[in-house]
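Trainee: Below you'll find the structure I mean.
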Amino acid sequence: MSRMADFGNDLYTGKRSIDFVGKAKTWYAISAVIMLIALAGFGVRGLNLGLEFEGGSEFRVSTTQTSGDYQQEATDAVREVAGPAASANVTLIGGNQVRVQTEKLPETEMNDVGSQLAQTFGVQASDVTQNTIGASWGASVSKQALRALVVFLVITAALMAVYYRNWKMSLAAMVALAHDMLITVGIYTWSGFEVSPATVIGFLTVLGYSLYDTVVVFDKVRENTSDAFETRRQTFAESANLAVNQTLVRSINTTVIAVLPIIAVLAIGFARVGPGTLLDLSLALFVGMVVGAFSSVYIATPLLVHLRRSDADVVELDKVASRHHERVGDRTPATVGAPAAGASDAPSSPLRSSSGTTPARGDGAEARVTPSPDADAEQTVTGRAVHRYAQSGPRNQPRRTPRSKR
74 MSRMADFGND
84 LYTGKRSIDF
94 VGKAKTWYAI
104 SAVIMLIALA
114 GFGVRGLNLG
124 LEFEGGSEFR
134 VSTTQTSGDY
144 QQEATDAVRE
154 VAGPAASANV
164 TLIGGNQVRV
174 QTEKLPETEM
184 NDVGSQLAQT
194 FGVQASDVTQ
204 NTIGASWGAS
214 VSKQALRALV
224 VFLVITAALM
234 AVYYRNWKMS
244 LAAMVALAHD
254 MLITVGIYTW
264 SGFEVSPATV
274 IGFLTVLGYS
284 LYDTVVVFDK
294 VRENTSDAFE
304 TRRQTFAESA
314 NLAVNQTLVR
324 SINTTVIAVL
334 PIIAVLAIGF
344 ARVGPGTLLD
354 LSLALFVGMV
364 VGAFSSVYIA
374 TPLLVHLRRS
384 DADVVELDKV
394 ASRHHERVGD
404 RTPATVGAPA
414 AGASDAPSSP
424 LRSSSGTTPA
434 RGDGAEARVT
444 PSPDADAEQT
454 VTGRAVHRYA
464 QSGPRNQPRR
474 TPRSKR
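Be aware that the sequence shown starts at 74, since it is given in my numbering, and climbs by one per residue.
And the structure:
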């Protein structure tokens, strides 16, 4: 645990750094491949839309016990009435209820299917409930969800542009949201998970979580870049990368804490409860939160740096910071402490040795040896370093090393 704390502290102080911004092309390539696979899923398999979106008939059989072949038994019961070409989606809910979904059946066939299911599972006809859902209801839900999504994106983009006073930050956040949504839905296409109204609610919730995580990172980016514009010691990319490192541990902790209860719900849902609203919602949240945490760290900030690299103020900052790095880089350890031009190897003062220590006194007493903090700095006869403002006399007079009055 202490190692994790030390690792997070090193990231925050800059002692250790992960180059998220510098390796932006790598993250872009990884995301592009994943998004292409997600898009291919729409053409190859498509979404497994639930009964609420496609319409159809649903039967629920309340039974105290089920055999291992309950799915085949329910399918055979449906085909005995609707014909051998009929298909049925059979799932077990809560261990004591069998749900059978079919295409939309006429009322007479629905009654016959209900009776056949009751006979197959050995229950009363009253223990079998039946319901018909039209496709118009699903179309209405889809239309309202799409409208809510558009309104959400427009308002969010406008608020972020006003809050950060920079539309490019808003654009980077919107691209990250689109990235999260595409990958999340793509996972649903390839996995075959059913898309229900609860799943759509989960998708919208994922957008809010992803945006929240991105805003936290962007707040730190704005703080660091503002300091960089004042001090002129870091480039825009360096200050933004430092912000991502400083918020990395926080993003990981937040995601883990948010995902842990969802994992518990998923485990209970798959093991005991079965398909339902709770499972659909938690599954969408789990997939979306993991993808959202990835985009907040690896996509949003590198994209922001890429969008702002041609801004006049950023270009000027990078030039000044680069010159500062060159000046600092010229002060290599080999030049520190080297004698000045024309100086001999002899000590600069009879009372100061070349090693920067005070020699022993002539009376034989043991001298106090004081190491020099800086070999380039002037020192008094006692071995103390002279302040840099005291190394030059007034009005550019020759430097004079203070001497001891003893």
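No residue lacks a Cβ here, since even glycine has one placed at the ideal position from N, Cα and C. This structure is a prediction, so every number in the text was calculated from the model and none was measured.
1. Applying the criterion that 16 or more other CB atoms from any shown protein chain within 10 Å of the CB defines a buried residue, is A249 buried or exposed?
2. Do you know offhand how far D384's Cα is from K293's?
3. May I have the straight-line CA-CA distance separating A221 from L280, to the nearest angstrom?
4. Determine the direct distance from the alpha carbon of G95 to that of R89, and round the result to whole angstroms.
5. Give the single residue among T193, D353, L390 and E146 whose Cα lies nearest to the Cα of I274.
6. How should P375 be labelled, buried or exposed, when 16 other C-beta atoms within 10 angstroms of its C-beta is the threshold for buried?
7. Have a look at D335 and V393 and give me their C-alpha separation to the nearest angstrom.
8. Would DSSP call T164 helix, strand or coil?
9. Would you call the region 152-165 and the region 221-240 in contact, with 3 or more CB pairs under 8 Å?
10. Tell me the rounded alpha-carbon separation between S283 and I330.
11. Would T175 pass as a contact of V186 if the rule is Cβ separation under 9 Å?
12. Is it buried or exposed, E296, if we count other Cβ atoms within 10 angstroms and call 16 or more buried?
13. Quick check: is any heavy atom of the ligand NAD less than 8 Å from the C-beta of A191?
14. Hey, quick one: how far does the alpha helix (DSSP H) through T175 stretch, first residue to last?
15. Would you check if there are 3 or more beta carbon pairs closer than 8 Å linking the region 355-371 to the region 305-315?
16. Between the alpha carbons of Q197 and S135, how many angstroms are there, rounded?
17. Here's a check: name, in chain order, each residue in its chain whose Cβ is nearer than 6 Å to the Cβ of F194, leaving out the five neighbours to either side.
18. Taking the alpha-carbon positions, what's the S368 to V322 distance?
19. Within a Cβ cutoff of 7 Å, which residues of the same chain sit near G114, ignoring the five residues on either side of it in sequence?
20. In angstroms with no decimal places, state the Cα-to-Cα distance between M254 and A301.
21. Pick from I110, S324 and D92: whose alpha carbon is nearest that of I256?
22. Unbroken beta strand (DSSP E) runs of length 3 or more, entirely within the region 368-407: which are they?
23. What did DSSP end up calling N204 once you bin it into helix, strand or coil?
24. Starting from R133, follow its DSSP beta bridges and name the residues at the other end.
25. Just the Cα atoms here: how many angstroms apart are V173 and A161?
26. In this structure, does DSSP put N239 in helix, strand or coil?
27. Going by DSSP, which residues form a beta bridge with E267?
28. Along the chain, where does the alpha helix (DSSP H) that runs through R323 open and close?
29. Cβ of I206 within 9 Å of Cβ of G128?
30. Just to confirm the assignment, what range does the alpha helix (DSSP H) spanning R152 have?
31. Looking at the structure shown, is E439 part of a helix, part of a strand, or coil, going by DSSP?
Mentor: With the given structure in hand:
1. buried
2. 20 Å
3. 12 Å
4. 15 Å
5. D353
6. buried
7. Residue identity differs from the one stated: residue 335 is Ile in this sequence, not Asp. One C-alpha to the other measures close to 48 Å.
8. strand
9. no
10. 15 Å
11. yes
12. exposed
13. No copy of the ligand NAD appears in this structure; indeed no ligand is present at all.
14. That residue, T175, is in no alpha helix (DSSP H); its beta strand (DSSP E) goes Q170 to T175.
15. no
16. 9 Å
17. V134 and T136
18. 15 Å
19. G259, T262 and W263
20. 33 Å
21. I110
22. none
23. strand
24. R172 and T202
25. 6 Å
26. coil
27. N121
28. F309 to I341
29. yes
30. Y143 to A155
31. Low confidence applies here, because E439 scores a pLDDT of 43, under 50, leaving its location unreliable; read the following figure in that light. Correct three-state label for E439: coil.
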